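Novice:
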Amino acid sequence: MLDDAFFAVPRTTHATSQGPVELPILYRDVTTVVPIFTVRHADAAAVLDGTGLEPVRVRGDRAAVALAFYEYRDTSVGVYNEVGTAVFAVRRGERARLGLADLVRAPGRRTVGMYVVDLPVTTAIANAAGRELWGYPKFVTDIPFRLDGRELRGAVLDPDGAGQICAIAGRLGRSVPVPPLSLMTYSRRDGALVRTHVDVRGVTRAHAPGTVALTVGASAHPMARRLRALGLDGARPTVVLATDRFQSLLHAGAVVGGA
């Protein structure tokens, strides 16, 4: 892996409260499952209020939300799990001329990004790096996750011990191979909008939802409240992207002017 040109990139060291972190962060061996849901555009807009962003419209008056589960087995910041809720969005006043088809373009050419709403992780260093370097809304909790063939089971536990924030389970449907989807995320750090690129590679499959469904627990945690506000309790995804060969580079973010 050390001789792999994908990971042979210049890196810089950044201080965090949990110790130094080199950027880009290298993710060498990962399983990821990304169910993508449609929600009411007005509900997504309410979640984005105050961010300087607005949801991309899909299928009439609907917006798209991803709930991505990651099992990081080998990274430059250690082993951990992560779950991200993200709304597909553009900067207010911009037009998503290609809609979600914009996502096939290189991250640096996109107008459509993914605003990270919640991002629980299982380790202190992943939490500190995400919050302090990018402004990602991370918190530390337990995240049990397993993908066994097409059988999926994952959850985010309430860090205060009040049961589950959410759980996803079911059998993935039939699939077709698709290109890996590099990412462009939006977050807010110290009041500024931050745009970040994530280079991704790895054989990926797009699955029909099969029997997969999301449930939101009785937790009063803000993540649970936001999932309910998006109408995701009991929701079934439109499509599920999955791979056990995910690799990526998480680059430093850049402040977006005028946001």
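Counting from -15, one number per residue, gives the positions in the sequence shown under this note's numbering. Beta carbons are placed, not taken as given, at the ideal position from N, Cα and C, and that holds for glycine. Quantities reported herein were computed from a predicted structural model and do not represent experimental measurements.
Please determine, among Arg179, Gly215, Val23 and Leu51, the residue with the shortest C-alpha to C-alpha distance to Gly44.
Specialist: Working through the sequence shown from its first residue, we reach residue 44 at position 60. Cα-wise, what sits closest to Gly44 is Val23.
Novice: By how many angstroms is the C-alpha of Pro143 removed from the C-alpha of Asp102?
Specialist: On the sequence shown, residue 102 is found 118 positions in, with the first residue counted as 1. On the sequence shown, residue 143 is found 159 positions in, with the first residue counted as 1. Between Asp102 and Pro143, the C-alpha separation is close to 14 Å.
Novice: Less than 8 Å separating the beta-carbons of Leu32 and Pro91?
Specialist: To locate residue 32, count along the sequence shown from 1; it is residue 48. To locate residue 91, count along the sequence shown from 1; it is residue 107. No. Outside cutoff.
Novice: I want to know whether the region 202 to 215 touches the region 163 to 178 - three or more CB-CB distances under 8 Å.
Specialist: no
Novice: State the Cα-Cα distance for the pair Ala108 and Val61, rounded to the nearest angstrom.
Specialist: As a position in the sequence shown, residue 108 is number 124, starting the count at 1. As a position in the sequence shown, residue 61 is number 77, starting the count at 1. Using only the alpha carbons, I get a separation of about 10 Å.
Novice: I'd like the span of the beta strand (DSSP E) that includes Leu211, first residue to last.
Specialist: Here residue 211 refers to the residue found at position 227 when the sequence shown is read from its first residue. Unbroken run through Leu211 is the alpha helix (DSSP H), Pro206 to Ala213; no beta strand (DSSP E).
Novice: Within a Cβ cutoff of 8 Å, which residues of the same chain sit near Ile9, ignoring the five residues on either side of it in sequence?
Specialist: Here residue 9 corresponds to residue number 25 of the sequence shown, with the count starting at 1. Counting only Cβ-Cβ distances below 8 Å, and skipping sequence neighbours, we find Thr59, Ser60, Val61, Ala113, Leu233 and Leu234.
Novice: Quick one: measure Cβ to Cβ for Glu66 and Pro104, integer angstroms, because I've assumed they're closer than 8 Å.
Specialist: As a position in the sequence shown, residue 66 is number 82, starting the count at 1. As a position in the sequence shown, residue 104 is number 120, starting the count at 1. The pair is a contact, with the Cβ atoms about 7 Å apart (cut-off 8 Å).
Novice: Just to confirm, are Val88 and Ala70 a CB contact at a threshold of 8 Å?
Specialist: In the sequence shown, counting from the first residue as 1, residue 88 sits at position 104. In the sequence shown, counting from the first residue as 1, residue 70 sits at position 86. In this structure, Val88 lies away from Ala70, with their beta-carbon atoms at least 8 Å apart.
Novice: Alpha carbon to alpha carbon, how far is Asp13 from Asp228?
Specialist: What you label residue 13 is simply residue 29 of the sequence shown in a count that begins at 1. What you label residue 228 is simply residue 244 of the sequence shown in a count that begins at 1. Looking at the two C-alpha atoms, the distance is approximately 8 Å.
Novice: Any chance you could list the alpha helix (DSSP H) runs of at least 4 consecutive residues sitting entirely within the region 54 to 128, in chain order?
Specialist: 108 to 113
Novice: Can you tell me the Cα-Cα spacing of Arg(-5) and Arg173, whole angstroms?
Specialist: Position 11 of the sequence shown, counting from 1, holds the residue named residue -5. Position 189 of the sequence shown, counting from 1, holds the residue named residue 173. Going by the C-alpha atoms only, they are around 21 Å apart.
Novice: With hydrogens ignored, establish whether the beta-carbon of Leu234 is closer than 7 Å to any heavy atom of the ligand HEM.
Specialist: Ligands are entirely absent from the displayed structure, and the ligand HEM is therefore not among its contents.
Novice: Write down the C-beta distance between Gly237 and Ser171 rounded to the nearest angstrom, noting that I regard them as a contact closer than 8 Å.
Specialist: Translated into the one-based positions of the sequence shown, residue 237 becomes position 253. Translated into the one-based positions of the sequence shown, residue 171 becomes position 187. Right, their Cβ atoms sit about 7 Å apart.
Novice: Assuming contact is defined by CB atoms lying nearer than 8 Å, are Arg76 and Gly36 in contact in what I supplied?
Specialist: Taking the sequence shown and counting its residues from 1, the one referred to as residue 76 is at position 92. Taking the sequence shown and counting its residues from 1, the one referred to as residue 36 is at position 52. Against a cut-off of 8 Å, the Cβ pair of Gly36 and Arg76 comes out as a contact.
Novice: Bridge partners for Thr35 per DSSP, in chain order?
Specialist: Reading the sequence shown from its first residue, position 51 is the one you call residue 35. Partner(s): none; Thr35 has no beta bridge.
Novice: Given a cut-off of 8 Å, decide if Asp126 and Arg136 are closer than it, judged by their beta-carbon atoms.
Specialist: Your numbering for residue 136 matches position 152 in the sequence shown. Your numbering for residue 126 matches position 142 in the sequence shown. Arg is not the amino acid found at residue 136; the sequence shown has Leu there. Not a contact, by the Cβ cut-off of 8 Å.
Novice: Enumerate in chain order the residues of its own chain whose CB-to-CB distance from Gly147 is below 7 Å, with the five nearest sequence positions on each side excluded.
Specialist: In the sequence shown, the residue the question calls residue 147 occupies position 163. The answer, listed in chain order, is Gly201, Ala202 and Ser203.
Novice: So, using beta-carbon positions, are Leu131 and Val5 closer together than 8 Å?
Specialist: As a first step, residue 131 must be located in the sequence shown, where it is residue number 147. As a first step, residue 5 must be located in the sequence shown, where it is residue number 21. When the beta-carbon positions are compared, Leu131 and Val5 stay at least 8 Å from each other.
Novice: Skipping 5 residues on each side, what residues in its chain have a beta carbon closer than 7 Å to that of Tyr120?
Specialist: In the sequence shown, counting from the first residue as 1, residue 120 sits at position 136. Answer for Tyr120: Val100, Leu103, Gly114 and Ser171, listed in chain order.
Novice: By Cβ distance, which residues of its chain are closer than 8 Å to Ser1, with the 5 residues on each side in sequence left out?
Specialist: The sequence position of residue 1 within the sequence shown is 17, counting from 1. So the list reads Ala112 and Glu116, once near-sequence residues are dropped.
Novice: Below 8 Å on the Cβ atoms is my contact criterion, and I expect Met207 with Ile149 to pass it. Report the Cβ-Cβ distance as a whole number of Å.
Specialist: Residue 207 sits at position 223 when you count from the first residue of the sequence shown. Residue 149 sits at position 165 when you count from the first residue of the sequence shown. The C-beta distance from Met207 to Ile149 rounds to 5 Å, short enough to meet the 8 Å contact threshold.
Novice: For Gln231 versus Phe(-10), is the C-beta spacing smaller than 8 Å?
Specialist: Stepping through the sequence shown from its first residue, residue 231 is reached at position 247. Stepping through the sequence shown from its first residue, residue -10 is reached at position 6. If you check the CB distance, Gln231 and Phe(-10) come in under 8 Å.
Novice: Provide the residue span of the beta strand (DSSP E) that contains Ala(-11), from first to last.
Specialist: Sequence index remark: in the sequence shown, residue -11 carries index 5 (1-based). Taken as a continuous stretch (DSSP letters only), Ala(-11) belongs to no beta strand (DSSP E), as it is neither H nor E.
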